[in-house]
Amino acid sequence: MQDVDYLIIGAGAVGMIFADQLLTETDATIAIVDRHAAPGGHWNDAYPFVRLHQPATYYGAGSRPVGRDQIDATGLNAGLYELPTGAEVRRYFADLMRERFLPSGRVQYFPECNYGGGGVFTAGGGERHRIGFRKLVNATFFKTGVPSTRKPAYEISAGVSVVAPNALPELNTTGAHFVLLGAGKTAMDAASWLLTNGVPAIDITWVKPREAWLMNREMVQPGDAFLHRTLGGYALQLEAAAAAKDLPDLFARLEADNQLLRIDRTVQPTMYRGATMTPSEVELLRTIQDVVRRGHVRRIEKERVVFEHGALARHADTIYVDCSANPLNDRPPTPVFDGPLITPQIVRAQLVSLSAAAIAHVEAAYATDTEKNALCAPIPAALTDTDWASGTLADLRATERWSGDRNMRQWSAAHRLTGFGTRLPDDPEAQAIRRRIKDARPQAMANLERLLASPVG
C-alpha cells in the first residue's frame, strides 16, 4: 500500500467522476475506499427496475459516455435519449474502474472497507489499514439513501407486509392490493412498474403526503437534434422567472410553457427534487385514482394505517411498498475546498456529474481555496417548490462566474457533461433564442431575488 495524493471516500458517482477528472488533468495518485463490494454507490442497493431519469449524456465520467448515445424507439421514453438501467450503470462504473482506473497504475481501490478517519480504514474481515495522503475527498456528503438500506420512519405492527421496491419483481402480484408510501421518484417508479406489469390501477393506493413539480424530460434533451427545443425551453424558463408577479404565478407560467409537470392538476405542489419525467409517464400515473393525502404515515396496523391526520382502514393482506427514503440528504452546504479537505457538492443545479467533474478540474487548475470556492459555490439539494427558484438563481450566478473566467468558460464549453452537441447552430432561430436568453437573464436574476425575499407573494 502506497501513500497517495488524494484519498477519496466513496466509489459512488461523485467519487468516481472526481477521480476520473483528476486522472485526465493531473498525474496525481489516488486511493478510493468504499463500503460496497463494487463501484457505483447507491446503485448497488437500488431496486432492479431503476433507470436514470435524465438523459445519459448528462451522467457519468468525462472520459467515457454512459450508454450508446441512442434514441429510444419504444416505451414511455420513445423519441428521447436513452435512460440506462441500474444494471447498465453499475456495469459502467465497474468497467471504468477495471479498464481505466486500475490500469493507470495511479489508483488503488479498497472495496468493502469502512473509513474511520486519519487515513485508517477497516476491511470486512476486521483488518485495519492506514494510508498516507495529501488531501482527503469526502465523496459521501450526500449519503444517498434508498428504501432497501434504511428502516422505515413509522411503526409497523406484527404480521404487516411492508417491502422495499426491490422486492416487487419477486412477488406474485395477481389479485394483490398495493399501497405505495411516498410521493417522490421512487414511488413514481414503483407505480409505473406495477402498472406496466399488469397490476390494475384500481388495485393501487398511493399515499402522497405532498405533490411534486417534475421536470419535463422532453425539454432537457441534449445534442444537436434537440438544441433548438432545449435552448428555447431555457429561454422560456428565464422569461417566466423575469415576468412572474409571485411564486404561484412563476409556477403557473412554467407549467403553461410545458417546462414543469405535475401528476395531479388539482393539487398545488409543495415539493421539487428535480425528478424528470415525460408527459406519457405522467399520464400513466394519473390512472391511479385512489390517492390518500393525510400527511405522513405514523403507524401501520394489521387492518388500518394511522396518519398525521386521521386513519384509513385496509385489508389485512395489503402489501405496503415503502418508497419514503430521501435520495439526497438535506445537510446544509459546507465549503467545497477547506485546506486538505475537499467535500464535493452540487455546484450546478441538478447536474451532479458535471459538478463533480468541475470540482476536480478546479482543484487541478487553480491555486488557492479562495478562488476555488468562488467558482464552486454549493447549491443545496432541492426539496421544496421554492427550491426551483433558489436553485435557478444560484445556477445563474454560477453561470456568470464561469463565463467571466476564461479557463472555466473554455473547459465547460468543451466538456461532454454539459450536454451540448458537436456544434452550436448559427441559424436565425438559434440566434433569436440566444438573444432572448441574453435579454431575460438579468431580469430573471433580479426578479428571482425579489420573489425569494417575499415567497408568499
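Be aware that the sequence shown starts at 782, since it is given in our numbering, and climbs by one per residue. Each residue gets a CB set at the ideal place from its N, CA and C atoms; glycine is no exception. Source: prediction; values computed, not measured.
Segment limits, alpha helix (DSSP H) that includes residue i
i: N895; result: Premise fails: N895 lies in the beta strand (DSSP E), C894 to G898, not in any alpha helix (DSSP H).
i: N1188; result: R1187 to A1195
i: Y1015; result: L1008 to A1024
i: T1115; result: From DSSP, T1115 is part of no alpha helix (DSSP H); its letter is neither H nor E.
i: M797; result: A794 to E806
i: R1034; result: L1028 to A1037
i: A972; result: K966 to T977
Which of helix, strand or coil DSSP assigns to residue i
i: S942; result: strand
i: G936; result: Residue identity check: residue 936 is Glu in the sequence provided, not Gly. Strand.
i: D853; result: coil
i: A1141; result: helix
i: N919; result: strand
i: Y1101; result: strand
i: V847; result: coil
i: N947; result: helix
i: H823; result: helix
i: I790; result: strand
i: M782; result: coil
i: F902; result: strand
i: Y873; result: helix
i: D815; result: coil
i: T1124; result: coil
i: T1151; result: helix
i: Y862; result: strand
i: T1047; result: coil
i: R1178; result: helix
i: L952; result: coil
i: R879; result: helix
i: V1073; result: strand
i: V927; result: coil
i: G1202; result: Because G1202 sits at a pLDDT of 46, beneath the cut-off of 50, its placement in the model cannot be relied upon, and the following sentence gives the value as read from the coordinates. DSSP places G1202 in coil when its eight states are reduced to three.
Beta-carbon proximity check, residue i vs residue j, cutoff 8 Å
i: L961; j: A945; result: no
i: P1125; j: F799; result: yes
i: T967; j: G822; result: no
i: M1058; j: R998; result: yes
i: V1086; j: L1093; result: yes
i: L1170; j: L1229; result: Note that residue 1170 corresponds to Ala in the displayed sequence, not to Leu. A contact, by the Cβ cut-off of 8 Å.
i: L1041; j: M996; result: yes
i: A1179; j: A1213; result: no
i: G867; j: A809; result: no
i: S1193; j: A794; result: no
i: A993; j: A964; result: yes
i: A1106; j: V927; result: yes
i: E1089; j: R1075; result: yes
Counted within 10 angstroms of its Cβ, other Cβ atoms place residue i as buried (16 or more) or exposed
i: N858; result: buried
i: E1181; result: exposed
i: D784; result: exposed
i: T1203; result: Caution is warranted here: a pLDDT of 44 is assigned to T1203, below 50, making its placement in the model unreliable, and no coordinate value can be reported.
i: E1144; result: buried
i: K1219; result: exposed
i: R1112; result: exposed
i: T831; result: Strictly speaking, residue 831 in this sequence is Val, with Thr absent from that position. It counts as buried.
i: L804; result: buried
i: A1175; result: buried
i: N1188; result: exposed
i: H834; result: buried
i: L1122; result: exposed
i: K932; result: exposed
i: D815; result: buried
i: Q1002; result: buried
i: G1238; result: Legend: pLDDT at G1238 = 47, less than 50; position of this residue unreliable, value from coordinates given subsequently. Under this definition G1238 is an exposed residue.
i: A1006; result: exposed
i: A1148; result: exposed
Delimiting residues of the beta strand (DSSP E) encompassing residue i
i: F959; result: F959 to L962
i: L1093; result: G1091 to A1094
i: Q889; result: V888 to F891
i: M1058; result: M1052 to M1058
i: A1211; result: Note, A1211: premise wrong, no beta strand (DSSP E); alpha helix (DSSP H) at P1209 to A1234.
i: A1162; result: Counting along the chain, A1162 falls outside any beta strand (DSSP E), and DSSP gives it neither H nor E.
i: N997; result: A993 to N997
i: F1088; result: R1085 to F1088
i: I983; result: Where I983 is concerned, there is no enclosing beta strand (DSSP E), given that its DSSP letter is neither H nor E.
Nearest-angstrom beta carbon gap, residue j and residue i [assumed within contact, 8 Å]
i: A842; j: L883; result: Incorrect: roughly 14 Å between the Cβ atoms, too far for contact.
i: T903; j: R911; result: Contact flag wrong, Cβ pair sits at about 11 Å.
i: V1128; j: A1141; result: At roughly 11 Å, the Cβ-Cβ gap does not stay under 8 Å, so V1128 and A1141 are not in contact.
i: P1116; j: N1154; result: 5 Å
i: T921; j: I790; result: 6 Å
i: L788; j: G900; result: 7 Å
i: I1100; j: A957; result: 5 Å
i: L1198; j: Y839; result: 6 Å
Cutoff 8 Å: residue i Cβ touching any chain C Cβ
i: A837; result: Among the chains of the structure shown, chain C does not appear; only one protein chain is present.
heavy atom of the ligand NAD below 7 Å from residue i C-beta
i: H1096; result: As far as ligands go, the structure on display features none, and thus does not contain the ligand NAD.
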